[in-house]
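Residue numbers (UniProt numbering): 1 to 764.
Okay, structure first, notes after.
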């Protein structure tokens, strides 16, 4: 006989699978497999002619309590199959076929029913219990179980029993004994003991008759299997191979049998060989049951609720997914202390393919995609898991850079993504295009391209500039990590009406929008994820509208840019051509209409500046602004050219504030040109306030602008910016701003105090 190998697994129960049983469906002759679980469910599956399972459930029984065992009566003369369940509460529930409710509930046992078996004719049934008794039943003409006799004689639980013909019954007990009872020998209502079998040193768990029923096998917590001669009562053979409790025994072929037990153990035995013919391990620590469906196929199950299928047929090999899952689950039973592998780097599972080994016997720490367990892999012609590290506590964050390790590199972000029941790590740097990153990730991990959108959304929704861990958080106001955006659209109807009016007056019909675009609802504008492609097509027309009415195009764009997904999608589609430095549309936004024939106006300035501020609505948009900050600084309208309107000034201030938020990124914090640019804008605004006093016409609300620029300064100082100009500006804030803005200056005073705190910390 060929050796057996793992073939398939399936998680079919929420709790322990306590028992497996096969039976023949009398109506069609098909073989069935039944699983019994502590989750109070019993499930039936079909087997093919070779004994292989179809994992689609045929039927599920729902019991009111934990199920311990089942006996199936599949006689062809009965109208339906009978299912007799033994449960933890001591009850036995009888179902005639696939009834919703039991037709009979037997309450004769006082404790857990461990086992129920029928004789070879399936006319007598016996049950054993933790209450130290066995009860023998018969089936009456209505197919109800009728008690015939109760067997008292064991000092502890009756764990298993076997009929020999219909008149003899073997019982195995946790009192270490096996007893043969003569059911025809009853004196004063007491079944008489015919023979006692002693020799086990611990609880006797199970029994199996020999081929000719002239002897039997017993299994025990003492880790041995014994073969007994029924006639002499002597133990003739002892099989040694288990290292822990043995829970179940069943026949594989005429010459071979199966056992399973504690410590992940399944063993195949040849009757003539006292040591294992083949030893197998499964991931379940406690293996409760093992049963063969043919001479080439067997099933085993236990404490993890998973059923495992083994075969010796060479044309049935496990696929890569099943084998990987099985290997990883099994290796988690081998513990490797962290101290012995703490010198190793942590890799993701895909590194086993993408990063070749450097030498034989090389080891790697690998994070399992199933449940994030840390496994140890070793290279010996191929990568094989050899154990897991339960106490892994390696630092996975670089405080000096704020970056996260992934295989042999460091990234700004590493997202947890669950796809197809696997846990993936998706690495991302903020200056990368989410679409390109996602496409590469799909190709590297052989995923379906249908996951592209969800991967992009993951990056877009969760990428940010806020550090994942803070090494020295002072608990103060700065740094501020949230960008200042302008999302509101107060009157959608008025906006739509004005848009329709402008659209109707466009003389070039190729630039005019169709009616469906003009019917966009407020919800669609606020949540445009499903219509991004259509909106980008529309903007390719809108950017060519006349400059004097383009402010309404800017206004629509600034609202949409506050949606992270649209923001990213728009730039992904348009930054290579229509929306880039030197392009007419982008330049017109930067200039805020100053280059128009009629000059700049309030609507154009306000909407243009808010578009620039809202570019920071996604990480991809913020990176676009950062990449082009030299162009923006050089060409953007100056403070002195702004119309004296509080909304215009707050929008302009928010652009520089948003640039200061980028300083939370470790790489950008090292960009002194960016820092000096921000300080220069703070200084120019200071000149506007202190020297020219141009703000006087909007003085009542100007504290709003002051606070934004103070927060910009606070972020700058928090990034460890140190210069003489910064010292001078702090002095100006202390000496002049508080006096000049005495009304509504409580927030100004608070910001100043926070700035002084970090100034003391970083400026020395």
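Where is the CB? At the ideal position from N, CA and C, for every residue including glycine.
For residue 139, the uninterrupted beta strand (DSSP E) run begins and ends at 133 to 139, by DSSP. At a cut-off of 4 residues, the continuous stretches assigned as alpha helix (DSSP H) that sit fully inside the UniProt domain "PFU" (376 to 473) are 434 to 444 and 452 to 462. The beta-carbon separation of residue 312 and residue 2, rounded to 4 Å, stays under the 8 Å limit for a contact. The alpha-carbon of residue 242 is positioned some 14 Å away from that of residue 282. Relative to residue 375, the option among 337, 429, 695 and 713 whose CA is nearest is 337. The alpha carbon of residue 740 has as its nearest neighbour, out of 691, 711 and 287, the alpha carbon of 691.
With the rule of 3 Cβ pairs closer than 8 Å, the stretch 327 to 344 counts as touching the stretch 373 to 392.
Bounds of the beta strand (DSSP E) holding residue 228 are 224 to 229. Counting every other CB atom within 10 Å of its CB across the protein chains shown gives residue 432 a total of 16 or more, marking it as buried. Between the stretch 543 to 550 and the stretch 517 to 530 there are fewer than three inter-stretch CB-CB distances shorter than 8 Å, so the stretches are not counted as touching. Rounded to the nearest whole angstrom, the CA to CA distance from residue 111 to residue 85 is 14 Å.
Ranking 487, 488, 479 and 549 by CA distance to the CA of residue 498 puts 549 first. A straight-line Cα-Cα distance of about 14 Å links residue 419 and residue 321.
Only buried fits residue 128, as 16 or more other CB atoms lie within 10 angstroms of its CB.
With fewer than 16 other Cβ atoms from the protein chains shown falling within 10 Å of its own Cβ, residue 493 counts as exposed. In the structure shown, the three-state DSSP call for residue 508 is coil. Residue 160 is bridged by DSSP to 172.
Between the C-alpha atoms of residue 224 and residue 279 there is a straight-line separation of about 15 Å.
Using a C-beta cut-off of 8 Å, the stretch 107 to 125 makes no contact with the stretch 52 to 61, since fewer than three inter-stretch Cβ pairs fall below that distance. Within the stretch 44 to 122, complete beta strand (DSSP E) segments of at least 3 residues are found at 53 to 62, 67 to 73, 82 to 87, 92 to 96, 104 to 106 and 113 to 118, given in chain order.
Contiguous alpha helix (DSSP H) elements confined to the stretch 471 to 541 occur at 492 to 504, 515 to 518 and 522 to 526, taking only those with 4 or more residues. The shortest C-alpha to C-alpha distance from residue 142 to any of 175, 96 and 176 is the one to 96. The alpha carbon of residue 371 has as its nearest neighbour, out of 192, 409 and 422, the alpha carbon of 422. The beta carbons of residue 113 and residue 87 sit about 6 Å from each other, so the pair counts as a contact at 8 Å.
Taking a contact to require three or more Cβ pairs closer than 8 Å, the stretch 599 to 608 and the stretch 623 to 642 qualify as touching. DSSP lists 32 as the beta-bridge partner residues of residue 23. With at least 16 other beta carbons inside 10 angstroms of its own, residue 589 counts as buried.
Spanning the alpha carbons of residue 577 and residue 645 requires a straight line of approximately 33 Å.
Residue 11: member of the beta strand (DSSP E) spanning 5 to 11, first to last residue. For residue 728, the three-state secondary structure derived from DSSP is helix. Shown here, residue 261 sits in a strand according to DSSP, grouped into three states. Judged by DSSP in its simplified three-state form, residue 148 adopts strand.
The way I'd put it, the stretch 717 to 735 does touch the stretch 662 to 675; three or more beta-carbon pairs between them come closer than 8 Å. Nearest Cα to residue 133 within the set 158, 124 and 116: 158.
For residue 604, the enclosing alpha helix (DSSP H) covers residues 602 to 614.
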